[in-house]
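Asker: Using my numbering, you'd call the opening residue of the sequence shown number 1 and step up by one each time.
Okay, handing you the structure first.
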Amino acid sequence: MLILMLPLLAAACGLAPNLTPYRIEIQQGNYITQEMVAQLGPGLTRDQVRFVLGTPLVSDIFHEERWDYVFMRQRANSREVEYRRIAVFFEEGRLKRIEGDGAAAPGKTEQ
């Protein structure tokens, strides 16, 4: 019986390299769209910015006037990684400027 099963197992192993496991999409951080950034303007309070963009991924105690929003996504069955970073700067508790790449609206990014 074992001798009869051996050729079938060998044939099945030949198919294995063509099979790939299912991979899920990996998303980390804050997903920020153009529309979200377009809602921001100078003078907004911290609470208003948090309402529009969500809680910042990085809030450093040494740089209290800066919030960083980082987003990383790797789509299923792809090696390509989408990465975006947006930094929001405050002055005296009010939004001063936005810096970043990817989703920054025209005219909103400085230096």
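No residue lacks a Cβ here, since even glycine has one placed at the ideal position from N, Cα and C.
Just mark Val81 as buried or exposed, buried being the case when its beta carbon has 16 or more other beta carbons within 10 Å.
Answerer: Sequence index remark: in the sequence shown, residue 81 carries index 81 (1-based). Counting Cβ neighbours within 10 Å, Val81 comes out exposed, since fewer than 16 surround it.
Asker: Report the option in Met72, His63, Ile32 whose CA atom is closest to the CA atom of Val49.
Answerer: Here the question's residue 49 lines up with position 49 in the sequence shown. Measuring from the Cα of Val49, the nearest candidate turns out to be Ile32.
Asker: For Val58, count the other beta carbons within 10 Å of its own beta carbon; 16 or more makes it buried, fewer makes it exposed. Which is it?
Answerer: As a position in the sequence shown, residue 58 is number 58, starting the count at 1. Exposed, because fewer than 16 other Cβ atoms sit within 10 Å of the Cβ of Val58.
Asker: Counting only the same chain and skipping the five closest in sequence on each side, list residues whose C-beta sits under 6 Å from that of Tyr83.
Answerer: The residue given as residue 83 occupies position 83 in the sequence shown. Result list for Tyr83: Met72, in chain order.
Asker: Identify every run of the alpha helix (DSSP H) within the region 23 to 111, keeping only runs that are complete inside it and at least 4 residues long; order them along the chain.
Answerer: 34 to 38, 46 to 53
Asker: Let me know if Arg85 comes out buried or exposed under the rule of 16 or more other beta-carbons within 10 Å of its beta-carbon.
Answerer: Start at 1 with the first residue of the sequence shown, and residue 85 comes out as number 85. Flag for Arg85 reads buried.
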